[in-house]
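Peer 1: Numbers given in our numbering equal positions in the sequence shown, counted from 1, plus 604.
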Amino acid sequence: MQELAKGANVALSALSESVDSVVVGLNWTSPTGEGDADVSVLLLNSDGKVRSDADFYFYNNPVAPDGSVQLLGKTPTGDGSQDRIGFDLTAIPPEVTRIVVAASRYEGAHFGELENLRLTLADGVGTDLVGFTITDTGPMSAFIFGELYRRDGAWKFRAVGQGYGSGLAGLATDFGVDIDDDAGDEAPDPVEQTPQEPVHAQVPAPRQAVAPAVKASARPRTAKKKVTLPKAPRRSLADNDSWREARLFPVSALKSDRDREARATSVLLSVMAQIPEFGRRLTAAFGAPAGRMETFTEVTLPHGDSPRRPDGVIRVERAGKLWTALVETKTNGNALKGEQVQAYMDIAARRGYEAVITLTNDVELEGSPLVDVKIDGRRKHKVALRHLSWAEVAHQAQMLIQHEGVNDAAHAWLLRELLHYLQHENSGCHGFQNMGAAWVPVRNGIDDETLCQGDPRALEVVESWERLVRQVCLRLGGELGHKVLPVQRTRRGIDPAARRALLADQLCADGRLGAELRIEGTPGVLALTADFRTGRLRTSIEIPAPTQGYPLSWAKRLVRRLAEAPADLHVETLLEGGAGGPRSTLERLRPEPGNMLPTTNTPVTAFRLSLLKTMGSTRGNAESSFIRSVDEAVHRFHRSVVAHLE
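If you want it as structure tokens, here you go:
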């Protein structure tokens, strides 16, 4: 990592090949253990001013609509905290020439009270590239840590370290942000919904008039409209951005895994009971009837000499009959305990309960259970063991609040609070986040060509890969509002264990993992390949050639549709009979689209579009992890390429 002095600058391309996206981290420590600061980002044009107030990103405006800027929140460190900001430099509008990264303290506080102020900049795979330590803080209540800027079409970084005694207000004003907008400029309150209109995610809080609940029979039989979140948030009524919005489910006090499990269980079960649509989505697949739902925590049930306390209980009543499920929850990547789940299965069987539901960050696979439990086949009353991942919970909440809507304003607000809680770094509900102990040995075995077919560690990696792919499908589907499903090329009915064993042998032979994702509304299948030997991820899609028109017209139309795609997008022409066709990058094809056509008369069958990205190496969920690099690769490819083809 290159250390910079104040005022020094460096070209990002000279430090790494993976600088299309970068993550900036701001660190500080408090000697007293109290006090903090909030980050902010300003996008500036060539005049050194924001184009509008929407170019000012802070706590109440954390994400750009185009995904170019994302405030990722605080992460605890050994002696303080780190605030991270993600930048997709390929999505930054061309008129933006500078990106200022700053932080500010609360009223009356200044940076002289904090220690170890430091900025780090990492590339897209999490490798730290630049470090900058600020020593001369003084009584400044706002600080510009650094800035990214364009020079001759390339991005550079400058270590700034400039303080503002006038705080965030003075800093923002200097860059053209209007912090004293008149009340008349404020976005109007949304119109109160009638009972016939479903309330969607735009409803900001229950202080608005709540539309009365509607009986199912009174709903109009029309298709639900697809809902998009507003591009710009409403203006906050806070004096400054250090005021934090009150949350129904706070996470700041969570210190231990037990606290996280208890809080997550109570939060989820309470929202399930209050929002029938949401509760039904999560329990219908487990055999629960549609009826009145009640949920409980801190329940004690007798079991031999030592009573058991499941994390929660779900009960649904319909026509005087009860359906009951015990819930066992794990957060922060903790594994289920077989003995504990077995005890709940025995209790449920004795008491006539229908199911035991396990809820963890892991994703269950067919034929590969997360916990070994023996089911007593001699019992008359059968108990179902079901699994739910936190990624699935977040997916269902996201589908309702962002795409389908609910029928009550208070319910919409509750779902937003739940989603905020689940996505917070401190909740522990982050989904699959560890490739397992076999990851490093298998990767090393492929590098030195010592990994042999039949090695059980390769099978473990294949199972982890399948879990990761399923989670990527859930997250992408929740964002898009479409079905995103993994494609299985093996014939229907084949044993899942045999299929994974075959994939493990292929991994040992060629050092690659592959997957395909089918996205609803997309003209092809998104293919994903992780090549261990080259350390690169490839995302690609094949677009069938049109059946009518001239090939040159096809080529020109495709280049026009990819006007916003990355210049390094690979375009390969596929010819009839499997013959290889022309290959080039989009940058070279833009002035001459005809170069993607063959010089012979061989018919064109399709065009393959591909992006390459360096894959992470670590097995966990750090910035440099394989898991994050896969997630980023798929989302970037869809956002910058596939979305323009739909």
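All C-beta atoms, glycine included, are put in the ideal place defined by N, C-alpha and C.
Note that this is a predicted model, so its numbers are computed, not measured.
Per DSSP, which residues does L1023 bridge with? Please list them.
Peer 2: Per DSSP, none; premise fails for L1023.
Peer 1: Rounded to a whole number of angstroms, what is the C-alpha to C-alpha distance between A612 and H1007?
Peer 2: Each residue's alpha carbon lies about 46 Å from the other.
Peer 1: Give me, in chain order, the residues of the same chain whose beta-carbon lies closer than 8 Å to that of V1208; leave out the 5 immediate sequence neighbours on both sides.
Peer 2: The residues are A1149, P1155, W1158, T1177, L1178, L1179, E1180, G1185, L1201, P1202.
Peer 1: Give every residue of the same chain whose Cβ lies closer than 6 Å to the Cβ of H1015, excluding the five residues on either side of it in the sequence, and list them in chain order.
Peer 2: Excluding sequence neighbours, H1015 sits near I879.
Peer 1: Report the rounded CA-to-CA distance for A615 versus F779, giving the unit in angstroms.
Peer 2: The straight-line gap from Cα to Cα measures roughly 24 Å.
Peer 1: Counting pairs of beta carbons, one from the segment 878 to 896 and one from the segment 1059 to 1069, are three or more of them closer than 8 Å?
Peer 2: Judged by Cβ distances under 8 Å, the segment 878 to 896 makes no contact with the segment 1059 to 1069, as fewer than three pairs qualify.
Peer 1: Using 8 Å as the threshold, is the segment 1163 to 1172 in touch with the segment 1238 to 1249, meaning 3 or more CB pairs across them?
Peer 2: At 8 Å Cβ cutoff, the stretches touch.
Peer 1: Are the CB atoms of F853 and E1021 within a distance shorter than 8 Å?
Peer 2: Yes, these two residues count as a Cβ contact at 8 Å.
Peer 1: Can you name the residues that DSSP bridges to Y753?
Peer 2: For Y753, which the question treats as bridged, DSSP gives the partners R702, K760.
Peer 1: Does the distance from the C-beta atom of V931 to that of I918 stay below 8 Å?
Peer 2: It is a contact, given that the beta carbons lie within the stated cut-off.
Peer 1: Do L1121 and L1111 have their C-beta atoms closer together than 8 Å?
Peer 2: Cβ distance not < 8 Å, so L1121 and L1111 don't count as in contact.
Peer 1: Taking the beta strand (DSSP E) that F736 falls in, what are its first and last residues?
Peer 2: Run containing F736: 732 to 738, per the beta strand (DSSP E) assignment.
Peer 1: Are the segment 894 to 906 and the segment 959 to 972 touching, with three or more C-beta to C-beta distances below 8 Å?
Peer 2: The segment 894 to 906 is not in contact with the segment 959 to 972.
Peer 1: Please list the terminal residues of the continuous beta strand (DSSP E) segment that includes R1212.
Peer 2: Note, R1212: beta strand (DSSP E), 1208 to 1218.
Peer 1: Can you look up E1120 in the DSSP assignment and give me helix, strand or coil?
Peer 2: DSSP places E1120 in strand when its eight states are reduced to three.
Peer 1: Using CA atoms only, rank isn't needed, just tell me which of W927, T1126, L1173, P1100 is closest to T1143.
Peer 2: Minimum Cα distance to T1143 is reached at L1173.
Peer 1: Go through its chain and collect everything with a Cβ distance to L619's Cβ below 6 Å, but skip five positions before and after it.
Peer 2: Excluding positions up to five away in sequence, the list reads L733.
Peer 1: Taking K934 as the reference, give the member of L775, D740, S870 with the closest Cα.
Peer 2: Comparing Cα positions, the closest option is S870.
Peer 1: For the structure I just gave you, are there three or more beta carbon pairs, one from the segment 1029 to 1040 and one from the segment 1113 to 1127, closer than 8 Å?
Peer 2: In short, these stretches do not touch, since the Cβ pair count stays below three.
Peer 1: Would you list the residues sitting across from L930 in a DSSP beta bridge?
Peer 2: Partner(s): V917, V960.
Peer 1: Would you give the residue range spanned by the beta strand (DSSP E) that R722 belongs to?
Peer 2: Where R722 is concerned, the enclosing beta strand (DSSP E) stretches over 719 to 726.
Peer 1: Nearest to G629 by CA position, among G767, V1175, T731, is which residue?
Peer 2: It is T731 whose Cα lies nearest to the Cα of G629.
Peer 1: For a test of the three-state rule: what should DSSP assign to I1098, helix, strand or coil?
Peer 2: It is coil, neither helix nor strand.
Peer 1: According to DSSP, is I1050 part of a helix, a strand, or is it coil?
Peer 2: DSSP places I1050 in helix when its eight states are reduced to three.
Peer 1: Where does S988 sit, in a helix, a strand or coil, going by DSSP?
Peer 2: Before going on, a small fix: residue 988 reads as Ala here, not Ser. Correct three-state label for A988: strand.
Peer 1: Apply the 10 Å Cβ neighbour rule to A1237 and answer buried if 16 or more other Cβ atoms are within range, or exposed otherwise.
Peer 2: A1237 should be labelled buried.
Peer 1: Which residue's Cα is closest to the Cα of Q1092: G1125, L1130, G1082, R1079?
Peer 2: Checked all of G1125, L1130, G1082, R1079; the closest Cα to Q1092 is L1130.
Peer 1: Give me whichever residues DSSP pairs with S1229 in a beta bridge.
Peer 2: Note: S1229 sits in a beta bridge opposite T1222.
Peer 1: Measuring alpha carbon to alpha carbon, tell me which of H1242, A939, P666, I696 ends up nearest R655.
Peer 2: Nearest C-alpha to R655: I696.
Peer 1: Residues in the same chain with beta-carbon distance under 6 Å from G677, minus the five sequence neighbours each way, listed in chain order, please.
Peer 2: Excluding positions up to five away in sequence, the list reads E1029.
Peer 1: Whose CA, out of A947, A923, G942, lies closest to the CA of D909?
Peer 2: Checked all of A947, A923, G942; the closest Cα to D909 is A947.
Peer 1: Given 8 Å as the limit, is there contact between the segment 847 to 864 and the segment 986 to 996, that is, 3 or more CB pairs closer than that?
Peer 2: No: the two stretches stay apart, fewer than three of their Cβ pairs being nearer than 8 Å.
Peer 1: Could you name the residues of the same chain whose beta carbon sits closer than 7 Å to that of K835, not counting the 5 residues immediately before and after it, in chain order?
Peer 2: Residue placement at K835 is flagged as unreliable, the pLDDT there being 44, under the threshold of 50; the coordinate-derived value follows with that caveat. Contacts found: P669.
Peer 1: Give the range of the beta strand (DSSP E) segment to which R1164 is assigned.
Peer 2: Here R1164 belongs to no beta strand (DSSP E); instead the alpha helix (DSSP H) covers 1155 to 1165.
Peer 1: Buried or exposed: which applies to S708, given that a residue is buried once 16 or more other Cβ atoms fall within 10 Å of its Cβ?
Peer 2: It is buried - the Cβ of S708 has at least 16 other Cβ atoms within 10 Å.
Peer 1: Quick one: residues in its chain with C-beta nearer than 6 Å to the C-beta of L873, no 5 flanking neighbours on either side, listed in chain order?
Peer 2: The residues are T899, G916.
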